[in-house]
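The next block holds one structure in the form of structure tokens; read it before the comments.
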Amino acid sequence: MKNKIFLFICCVTFLCSSCYEDKGNYDYKNLSKIEVEKFLKEDGTSINVNSSMSVTIGGMVSVRPVLTIVNERPNMNFNYTWTFKDQIIGTDETLSWKSDILGSGAVLLDIEDIENGTHFITAFYLTVGEPYQAEGFLILSEKDGIPCLSLLKGIYYDDVSDYELLTGLYQKENGKSLPNDVFKLHEHFCKGSYGSQIMAVCKTDLVDINAYTFKEAMRAETIFSGEVPQISDVMFMQWLDLVTDKDGCLYQRRKTTNELFHSQRFLSQPMMFKGETLKNIRIIPDDFSSYRNFLLLYDNHKKRYLVISDLVGTNWSASSDVTTIGKIEEANYSGDEWPEKFTPLNNMKECNVIHTGFFRDNRNTYVNWFFSIFEKNSNYYYQKFMIERAYTSDGTFKTSVNEGQEGKVPALFGNIFNEKSIIAVLEYSEGYGLDSSHPYTFVSSGNSLYLYDIDNLDEDISFKKLLDFDSPVTALDTSCPGGNYLGVGLENGEFYVLRMNQAKNHCEDQDYLVRWHVPAGELGKIKSVRYKTDGNGTQF
Numbered sequence: 029m030k031n032k033i034f035l036f037i038c039c040v041t042f043l044c045s046s047c048y049e050d051k052g053n054y055d056y057k058n059l060s061k062i063e064v065e066k067f068l069k070e071d072g073t074s075i076n077v078n079s080s081m082s083v084t085i086g087g088m089v090s091v092r093p094v095l096t097i098v099n100e101r102p103n104m105n106f107n108y109t110w111t112f113k114d115q116i117i118g119t120d121e122t123l124s125w126k127s128d129i130l131g132s133g134a135v136l137l138d139i140e141d142i143e144n145g146t147h148f149i150t151a152f153y154l155t156v157g158e159p160y161q162a163e164g165f166l167i168l169s170e171k172d173g174i175p176c177l178s179l180l181k182g183i184y185y186d187d188v189s190d191y192e193l194l195t196g197l198y199q200k201e202n203g204k205s206l207p208n209d210v211f212k213l214h215e216h217f218c219k220g221s222y223g224s225q226i227m228a229v230c231k232t233d234l235v236d237i238n239a240y241t242f243k244e245a246m247r248a249e250t251i252f253s254g255e256v257p258q259i260s261d262v263m264f265m266q267w268l269d270l271v272t273d274k275d276g277c278l279y280q281r282r283k284t285t286n287e288l289f290h291s292q293r294f295l296s297q298p299m300m301f302k303g304e305t306l307k308n309i310r311i312i313p314d315d316f317s318s319y320r321n322f323l324l325l326y327d328n329h330k331k332r333y334l335v336i337s338d339l340v341g342t343n344w345s346a347s348s349d350v351t352t353i354g355k356i357e358e359a360n361y362s363g364d365e366w367p368e369k370f371t372p373l374n375n376m377k378e379c380n381v382i383h384t385g386f387f388r389d390n391r392n393t394y395v396n397w398f399f400s401i402f403e404k405n406s407n408y409y410y411q412k413f414m415i416e417r418a419y420t421s422d423g424t425f426k427t428s429v430n431e432g433q434e435g436k437v438p439a440l441f442g443n444i445f446n447e448k449s450i451i452a453v454l455e456y457s458e459g460y461g462l463d464s465s466h467p468y469t470f471v472s473s474g475n476s477l478y479l480y481d482i483d484n485l486d487e488d489i490s491f492k493k494l495l496d497f498d499s500p501v502t503a504l505d506t507s508c509p510g511g512n513y514l515g516v517g518l519e520n521g522e523f524y525v526l527r528m529n530q531a532k533n534h535c536e537d538q539d540y541l542v543r544w545h546v547p548a549g550e551l552g553k554i555k556s557v558r559y560k561t562d563g564n565g566t567q568f
């Protein structure tokens, strides 16, 4: 659509740049000609002719054309007409319009030379979005005993502009509060949409929220075929949606289309594997864009990793009659047998897996990298491995594990880790260029946050304190596109946006690390954080 409008603008500009109404006898060769060099915005920046700008509805569109006049006459006078979506939005040289029309299109500027009726038309492209059609950190907090959903607006590739905090948006837009047992935020997507939906995950409910309006879209009772279980976690993918209950049993919904956020209902019976009901399942968050059509699970009952398919058809064809959605298999090594010094992922019986997280490698779209920390015989170890889809001769869904690494975690981890510690792997670690790559894992310990450089796993210097805060860390978010920023929420309501590019070289350097800070008192105790990508995240 945007390309079509751009072509329309170019055609209009070309065809109409010198059309006129003849009001008398003139030497047409000497007629004045007006060209618009650019449009100057109120903040001093500018946009070029035929380029674009965006605002949210209610925002001001303030631009002034910078004119070049050929064959200029003394005391020239002009009429100005600005139109958007066939409506006149201004008649002065400077457009100052409080946007009240949703959508995208060309803003046409018609400049009329009053003396001879000549019209000169030019344009730029404008998108007027929903009130909260913006990216930034979604923050779930609790203030005065009431759950609060807020948005800290900020662009992930902009290291200069101010952030804007919009508090209590769910309560403001719906006239009520979220359920008191809400504990987590989850963002999910659908094909063909550059937006997303926000799911407030509660122990007894799911509240799905329009990410652009913050209006409630649905509740759990509408998507479960039976009683809603006691919820412990969720993962909504492209074709398969999963919910775990308080016992770690896994419930599934197989969608009939990936072009809607919701279709079909969750089955009332928990999932089984090899004739047994799965339980004590831990969902490991992942990226499902491009060809990463699977999810890693940890079976804490059987002490093994499982892989579940989110793939329509097979690896060979989406139209295949072979159904792979929801197919489960144990994590298997790509070779004949697991490496000698690598604990098999399908047999972790002597291990207590503490945390497993993923990070993305843009060099191979079929691959997901994973990093885990586990305890064995009172010692702490790491595993680093990748899983990719395997192309099998029968066309069925298979994955394989390869490039496995394992070793001891630096001793400092054992000194600072406790039952309240939060561990998070920076999901998008590619940065911009090799010099800014940052595959980090973070571990909180009370008021302190530690960084583990997982490119240098076996070096003690790779695990070090990143920053101290004035209150215990209660939430971490590592989902910002590009991995540029880390969101850190504190018990006292403070929220920090920390720079991640070269963070390992700036440990305890608050001036460098802190990109933005929300002081205590505005949010309340922070419970969960998730970066709202506004279309810059998962794409199917």
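Numbers in this note's numbering are just positions in the sequence shown, counted from 1, shifted up by 28. All C-beta atoms in this analysis are idealised placements derived from N, C-alpha and C, irrespective of residue type, glycine included.
Would you please state the rounded distance, in angstroms, between the beta carbons of residue i and residue j? I believe it to be under 8 Å.
| i | j | result |
| --- | --- | --- |
| residue 258 | residue 283 | So it is not a contact: roughly 23 Å between Cβ atoms. |
| residue 237 | residue 278 | The pair is not a contact, with the Cβ atoms about 24 Å apart (cut-off 8 Å). |
| residue 396 | residue 414 | 7 Å |
| residue 398 | residue 380 | About 17 Å; that fails the 8 Å criterion. |
| residue 455 | residue 558 | Their Cβ separation, rounded to whole angstroms, is 11 Å, which puts residue 455 and residue 558 out of contact at 8 Å. |
| residue 260 | residue 272 | 5 Å |
| residue 109 | residue 138 | 4 Å |
| residue 386 | residue 314 | 5 Å |
| residue 338 | residue 321 | 5 Å |
| residue 569 | residue 287 | Nothing about residue 569 can be reported from this structure: the residues present for the chain run from 29 to 568 only. |
| residue 128 | residue 85 | 7 Å |
For a test of the three-state rule: what should DSSP assign to residue i, helix, strand or coil?
| i | result |
| --- | --- |
| residue 539 | helix |
| residue 250 | helix |
| residue 562 | coil |
| residue 490 | helix |
| residue 151 | strand |
| residue 198 | helix |
| residue 107 | strand |
| residue 531 | helix |
| residue 131 | strand |
| residue 509 | helix |
| residue 520 | coil |
| residue 114 | coil |
| residue 60 | coil |
| residue 274 | coil |
| residue 385 | strand |
| residue 426 | strand |
| residue 396 | strand |
| residue 404 | strand |
| residue 165 | strand |
| residue 76 | strand |
| residue 285 | coil |
| residue 280 | strand |
| residue 156 | strand |
| residue 269 | strand |
| residue 290 | coil |
| residue 145 | coil |
Tell me the rounded alpha-carbon separation between residue i and residue j.
| i | j | result |
| --- | --- | --- |
| residue 265 | residue 256 | 19 Å |
| residue 470 | residue 211 | 21 Å |
| residue 122 | residue 226 | 38 Å |
| residue 162 | residue 370 | 44 Å |
| residue 561 | residue 156 | 18 Å |
| residue 179 | residue 336 | 33 Å |
| residue 106 | residue 79 | 24 Å |
| residue 124 | residue 73 | 15 Å |
| residue 223 | residue 289 | 10 Å |
| residue 468 | residue 167 | 22 Å |
| residue 203 | residue 328 | 41 Å |
| residue 175 | residue 515 | 19 Å |
| residue 311 | residue 69 | 47 Å |
| residue 191 | residue 407 | 42 Å |
| residue 92 | residue 67 | 5 Å |
| residue 182 | residue 165 | 8 Å |
| residue 553 | residue 160 | 23 Å |
| residue 5 | residue 268 | A query on residue 5 cannot be resolved here, the shown segment of the chain reaching from 29 to 568 and no further. |
| residue 229 | residue 555 | 12 Å |
| residue 132 | residue 153 | 7 Å |
| residue 512 | residue 527 | 6 Å |
Using only the heavy atoms of the ligand ZN, determine whether one of them is closer than 7 Å to the beta carbon of residue i.
| i | result |
| --- | --- |
| residue 466 | For the ligand ZN, the structure offers nothing, since it holds no ligand at all. |
Check: Enumerated in chain order, which unbroken segments of the beta strand (DSSP E) with a length of 3 residues or greater are wholly contained in the stretch 299–379?
Finding: 309–312, 322–327, 332–337 and 356–358
Notebook entry, point to check: Do three or more CB pairs link the stretch 498–508 to the stretch 426–436 at distances below 8 Å?
Noted result: no
Notebook entry, point to check: In chain order, which continuous runs of the beta strand (DSSP E) of length 3 or greater are located wholly inside the stretch 440–487?
Noted result: 451–453, 468–473 and 476–481
Next item on the list: Assess, as a yes-or-no matter, whether the stretch 140–152 is touched by the stretch 533–547 under the definition of 3 or more beta carbon pairs within less than 8 Å.
Entry: no
Margin query: So within the stretch 187–244, which uninterrupted beta strand (DSSP E) runs reach at least 3 residues, ignoring any that extend past its ends?
Written below: 192–194, 210–216, 225–230 and 234–238
Margin query: Taking contact to mean 3 or more Cβ pairs, one atom from each stretch, closer than 8 Å, check whether the stretch 235–252 and the stretch 194–206 are in contact.
Written below: yes
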